[in-house]
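Visitor:
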Amino acid sequence: MSRRAVLLRAQLVEAACRPARTLLMGLAVIVAAFVVFGTVLAYQVTERTVLAGFSGTPAAADLVVTGGDGVSLRTLDAARRLPGVAEAVGRTDAFHEFADDRGAGLSVYADPGAGPLATARVVQGRYPATAGELAVTRRTVDRLGLAVGGTVRLAGAAPDRPVGLTVVGVVDAPDDSGEAAYTTDAFAARLGGSDQLRQVEVRLAPGADPDAVSAALTRAASAPGASAPGASAPGASAGPSERVGDGVVVRTGAEARRAEADEVSGRVQDLFALVTMFVAIAVVAAVLVATSTFRIVFAQRMRQLALLRAVGAPRAGLFGALVVEGAGTGIVAGLAGVLAAYGVGHGLPPVLRAFGLAVASPGHPIAAAVAVALGAALVTALAVLAPAVTAARVAPLEALRTASTTAGRLGIGWARAGAGVLLASGAVLAALLVASRLPGPDTENYDPAGPLLAIVASGALAYAALVALGPLLVRPVLAVVGWPLRRLGPLGRLAVGGVGGAPRRASAVSVVVALGVTLVAGALVGSASLGTLLKRELAGMAPADVAVTARGDGPLPAGLVQRVRGIGELDRVVPYRSSPDVRVAGAEVDGLTATDLDLRALATWADFGASAGRLTDAGPGRVVLLRFLADEAGARPGDEVTVTRGDRSVRLRVAATMANTPVGAGLLVDPADLDRLGVPAGPTGLLADVAGDDEQARTAAVRALRAAGGQQVGIVVTADDRDELDGQLGALLGVLLGVLGLTVVVAVVGVGTTTALSVVERTRESGLLRAVGMSRRRLGAMLTVEAGLYGVLGATLGLLLALPYSWLTVAALGQDAPVEFPAGQLAGVVLALAVATALAGLLPARRAARVSPVAALGAGD
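Numbered according to our numbering, the sequence shown spans residues 1 to 861.
1) According to DSSP, is V785 helix, strand or coil?
2) For A316, which option in D720, L385, A327, F37 has the closest C-alpha, if you only look at C-alpha atoms?
3) For M658, which residues does DSSP report across the bridge?
4) Any chance you could list the beta strand (DSSP E) runs of at least 3 consecutive residues sitting entirely within the segment 77-162, in chain order?
5) Count the other CB atoms within 10 Å of the CB of I715; is the residue buried (16 or more) or exposed (fewer)?
6) Using only alpha-carbon positions, find the residue among L687, D209, V456 that is nearest to A539.
7) Counting beta carbon pairs with one atom in the segment 210-219 and one in the segment 160-177, are three or more of them shorter than 8 Å?
8) Between the segment 543-557 and the segment 567-581, are three or more C-beta pairs nearer than 8 Å?
9) Could you pull out every residue in the same chain whose Cβ sits closer than 6 Å to the Cβ of V690, ignoring the five residues on either side in sequence?
10) Could you check which residue in P557, V573, R81, L204 has the C-alpha nearest to that of L599?
11) With DSSP run on the structure shown, which of helix, strand or coil describes S775?
12) Is it the case that the segment 322-335 contacts the segment 372-381, given that we only count it when at least three CB pairs across the two stretches are under 8 Å?
13) Along the chain, where does the alpha helix (DSSP H) that runs through P210 open and close?
14) Around the Cβ of L335, are there at least 16 other Cβ atoms within 10 angstroms (buried) or fewer (exposed)?
15) Within this structure, are the beta carbons of V584 and V713 separated by less than 7 Å?
16) Return the CA-CA distance between S361 and A787, expressed in angstroms with no decimal places.
17) Suppose only complete runs of 3+ residues qualify. What are the beta strand (DSSP E) ranges in the segment 667-727, listed by chain order?
18) Who pairs with Q196 in a beta bridge, going by DSSP?
19) Grab the span of the alpha helix (DSSP H) containing R315 for me, first residue to last.
20) For V152, I'd like the list of residues in its chain whose CB is within less than 6 Å of its CB, leaving aside the five on either flank, ordered along the chain.
21) Where does V311 fall in DSSP's three states?
22) If I measure Cβ to Cβ from V434 and keep anything under 8 Å in the same chain, skipping five residues before and after, which residues do I get?
23) Going by the CB atoms, is the gap between V481 and L793 shorter than 7 Å?
24) Please go through the same chain and pick out, in chain order, the residues whose beta-carbon is closer than 6 Å to the beta-carbon of T604, but skip the five residues on each side of it.
25) When you compare only the Cα positions, how much space is there between L842 and T657?
26) So the candidates are L768, V830, D211, D673; which of them puts its Cα closest to the Cα of L515?
27) On the three-pair Cβ rule with 8 Å, is the segment 183-197 touching the segment 125-133?
28) Return the first residue and the last residue of the beta strand (DSSP E) that S579 is part of.
29) According to the Cβ coordinates, are G798 and V351 closer than 7 Å?
30) Ordered along the chain, which non-local residues of its own chain (more than five positions away) have a Cβ less than 6 Å from that of G337?
31) If I measure Cβ to Cβ from G591 and keep anything under 7 Å in the same chain, skipping five residues before and after, which residues do I get?
32) Note down the Cα distance separating V65 from V249, rounded to an integer number of angstroms.
33) Tell me the rounded alpha-carbon separation between L472 and L423.
34) List the endpoints of the continuous alpha helix (DSSP H) containing Y463.
35) Helix, strand or coil: which one does DSSP assign to V589?
36) Please say whether A708 and V564 have beta carbons closer to each other than 7 Å?
As structure tokens, then:
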């Protein structure tokens, strides 16, 4: 048998004889693989949730035909006759006012009402089949009093010739504003006086060639008057996203859904970039945890490795055996982690949906699963390289020593110190590069993916530097954080001395703790910052539950505000004036609206926030500007700007700027300043909150408002849109926090495994303490306190890096999110990590304390 085989067998026997250590090593890799593959599944969940929540094109649509001027009904008819097409439907929608005095109308949508491409589902009656028939949503039944069998007259394309319609059914639909109706595609188009549809969606038959059908659709769209084309000729296929004719485009359904999601929410790509960042963080976390785990294990196996060297084991053979051991541990643990993540990834979404969260299920990324399993072996093999090199260098003479002193060495060598300084310099330079290229107010062409990945690279360099320089940092940081423990008597002094006396071991454990603190702190800062941003945007979009505006450019009907204030279903009524014809000197923007809406009078006042300046400074002679407008005018808080309306101008001082202003206004000014601009005195709109929180309360409030305002006002229940967007973004934020949670899991488990390993591998040291008279109870307490001190030490290092990196990450998103540092929660993180490390060392400490001094002194480290 060759020496290499003998060494490998010796390592396998060693692993079998030390099952606790082997299990802890494998657990770290299992969790790392679980995190990485779990993040891949979370990415798919995020993407599918976004596309399902923010796009209108059904998932069953394989091809989509759109055009700048629409798609004709004849193109739809031709598409339905194409070979390979199982179903084709048209989409269009338009708002049609009632012909009577209801002061409202219906948004009429085209939908098939049944089948895979349907978005509306009948819950009562039947779906429209011919012209003159409508199906309305449940909320429309409640708020407008429409029911199956009822009739309604809409103005249609010709207001002087209203169209009579019959309600034949009630449907559940995604677009339910309380004024929504559904009908066939042909009738929906012709109700608006046109034969044009917004788009045509095609579902392919099983086995159909998408390229061939796309080519046939291209010909049909370019020649809508021609007869139905047949299958495309060989070699004439057209790929997806091919533009034809006068702006008509044939795209795949996936492309259409992504485009719709991007159009509705500009943050979809930012969310995906953030998820990509956490994928990278998970990989970095896996490498650091595996490296720290093997470093501790090999440092404590120096005596056994030295004995192998003493009996003739060559360095190269010993190094190879250690690497094979690491790779074998990685592949087995990687497979276990992938299977665990797959089970959780497919089991959790149904549970979340049962609780009302619209979360999609992931797919079956087999290639990614194989890559993660193989990557676990590769990452583990790479992680073991540095510890294996150090372990293979052990001199045979070390076998003659009574105890290994490797962990207690204070120096790290000039090469390691130089590498640490270079890594730290690289981290600082990368962070400064990102900071110098942070986006300004205009983020239209800004892509956050690059800066976020650069932050990950900088963080990886920073933690690599921390690994290299850790033994030098332990004692200075310990002198500060360990000061209170020294005042607790001999037990505290022994614990501090135990940590400081083995700086390499302390550094290996503390780096993992620091990683966990950085991830948890980043999650807290990120979620707090994004949560505040979400509140601001929802407040700007829906500052109150209901918005009432005058039809046209005139004021509200006389006495309406008083009548609305007398409605019992409403409270907090806030009238305001708006003028849509103002200009700001220096800003090349037309059609600006100025309003005197008093934000302080709104229930959402606390949710508003300024991009610069303070909203509380608003008042007479001061103006709050939309941030984009302020940038156009080159104005900052404290500067004066000239606001013009017609032939009147006023000079106002900028109090603050906002990224998202309410009621579509570009300027928020004081009522006296609107008077100086010559704006008429009557209010042009009002905001009000509904007294109750349920659907019935909103329905009652809308009916009362319609009775009070008649057809002279328009009513929008902004609370409906706010709830829908809040639910969608809340689901996405939940997915992102889940991804954060996965990356935190690897750090927390890494803390537990490395801390437990540091105690398990110190049997000989524990025996010495027992031999000199320390009781089992005090030994266990000392080891537990020492383990907790690892947590405090690592948390301190982690926070020093977490705060600047958290700020940089939030700023790099380019969404004007305020950076929030939840001090109380961050302090709780430090305490929790200290408790976690103490608990991780509790059971091993009790085990070490139960070993007799004779057996402990006879054990090899």
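Backbone N, C-alpha and C fix where the C-beta goes; we use that ideal spot for every residue, glycine too. Fair warning: this is a prediction, and the values are worked out from it, not measured in the lab.
Guide: In brief:
1) Mapped onto the sequence shown, residue 785 falls at position 785. Of the three classes helix, strand and coil, the one that applies to V785 here is helix, per DSSP.
2) As a working mapping, residue 316 is identified with position 316 in the sequence shown. Out of D720, L385, A327, F37, L385 has the C-alpha closest to the C-alpha of A316.
3) Position 658 of the sequence shown, counted from the first residue, corresponds to residue 658. M658 is bridged to L626.
4) Counting only runs of 3 or more, we get 85-91, 93-97, 105-110, 121-125, 133-137, 151-154.
5) Position 715 of the sequence shown holds residue 715. By the C-beta density criterion, I715 is buried, having at least 16 other C-beta atoms within 10 angstroms.
6) Working through the sequence shown from its first residue, we reach residue 539 at position 539. The candidate whose alpha carbon is nearest that of A539 is L687.
7) No, because fewer than three Cβ pairs between the segment 160-177 and the segment 210-219 fall closer than 8 Å, the two stretches do not touch.
8) Because the criterion of three Cβ pairs below 8 Å is met, the segment 543-557 and the segment 567-581 touch.
9) Here residue 690 refers to the residue found at position 690 when the sequence shown is read from its first residue. Listed in chain order, the non-local C-beta contacts of V690 below 6 Å within the same chain comprise D545, A697, R698, A701, local neighbours out to five positions each way being set aside.
10) In the sequence shown, the residue the question calls residue 599 occupies position 599. Of the candidates P557, V573, R81, L204, the one whose C-alpha sits nearest the C-alpha of L599 is V573.
11) By one-based count along the sequence shown, residue 775 stands at place 775. For S775, the secondary structure class from DSSP, reduced to helix, strand or coil, is coil.
12) Touching, yes.
13) For the purposes of this step, residue 210 is taken as residue 210 along the sequence shown, with counting starting at 1. DSSP places P210 inside the alpha helix (DSSP H), whose first and last residues are 210-222.
14) Walking along the sequence shown from the start, residue 335 turns up at place 335. It counts as buried.
15) The residue given as residue 584 occupies position 584 in the sequence shown. The residue given as residue 713 occupies position 713 in the sequence shown. V584 is not a Cβ neighbour of V713, given a cutoff of 7 Å.
16) On the sequence shown, position 361 is the one that residue 361 refers to. On the sequence shown, position 787 is the one that residue 787 refers to. When rounded, the distance between both Cα atoms is 40 Å.
17) Fully enclosed beta strand (DSSP E) runs of 3 or longer: 667-669, 685-690, 713-716.
18) Sequence index remark: in the sequence shown, residue 196 carries index 196 (1-based). DSSP lists S72 as the beta-bridge partner residues of Q196.
19) For the purposes of this step, residue 315 is taken as residue 315 along the sequence shown, with counting starting at 1. It spans 315-354 - the alpha helix (DSSP H) in which R315 sits, taken as one unbroken run.
20) Position 152 of the sequence shown, counted from the start, is the residue given in the question as residue 152. Non-local C-beta neighbours of V152 in its own chain, meaning closer than 6 Å and more than five positions away in sequence, comprise L165, ordered along the chain.
21) For the purposes of this step, residue 311 is taken as residue 311 along the sequence shown, with counting starting at 1. V311 falls in the coil class under three-state DSSP.
22) By 1-based counting over the sequence shown, the position of residue 434 is 434. Cβ within range, chain order: P451, A454, I455, S458, L808, A812.
23) Residue mapping note: residue 793 aligns to position 793 of the sequence shown, counting from 1. Residue mapping note: residue 481 aligns to position 481 of the sequence shown, counting from 1. It is a contact, given that the beta carbons lie within the stated cut-off.
24) Stepping through the sequence shown from its first residue, residue 604 is reached at position 604. Excluding sequence neighbours, T604 sits near A539, P543.
25) For this step, residue 842 is matched to residue 842 along the sequence shown. For this step, residue 657 is matched to residue 657 along the sequence shown. Taking the straight line joining both Cα atoms gives about 54 Å.
26) If you number the sequence shown from 1, residue 515 lands on position 515. The shortest C-alpha separation from L515 is found at V830.
27) In short, these stretches touch, since the Cβ pair count reaches three.
28) Translated into positions along the sequence shown, residue 579 becomes position 579. Counting along the chain, the beta strand (DSSP E) containing S579 begins and ends at 578-584.
29) Position 798 of the sequence shown, counting from 1, holds the residue named residue 798. Position 351 of the sequence shown, counting from 1, holds the residue named residue 351. Inclusion of G798 and V351 in the CB contact set at 7 Å is not warranted, their separation being larger than that value.
30) Locating residue 337 in the sequence shown gives position 337, where the first residue counts as 1. Cβ within range, chain order: I30, A33, F34.
31) Position 591 of the sequence shown, counted from the start, is the residue given in the question as residue 591. Cβ within range, chain order: P580.
32) Looking up residue 65 in the sequence shown gives position 65. Looking up residue 249 in the sequence shown gives position 249. Cα to Cα, V65 sits roughly 6 Å from V249.
33) By 1-based counting over the sequence shown, the position of residue 472 is 472. By 1-based counting over the sequence shown, the position of residue 423 is 423. Approximately 15 Å, taken between the alpha carbons.
34) As a first step, residue 463 must be located in the sequence shown, where it is residue number 463. According to the DSSP assignment, Y463 belongs to the alpha helix (DSSP H) that extends over 449-481.
35) Along the sequence shown, read from residue 1 onward, the residue named residue 589 stands at position 589. The answer is coil: DSSP assigns V589 none of H, G, I, E or B.
36) Taking the sequence shown and counting its residues from 1, one reaches residue 564 at position 564. Taking the sequence shown and counting its residues from 1, one reaches residue 708 at position 708. Yes; because the gap between Cβ atoms is below 7 Å, this pair is in contact.
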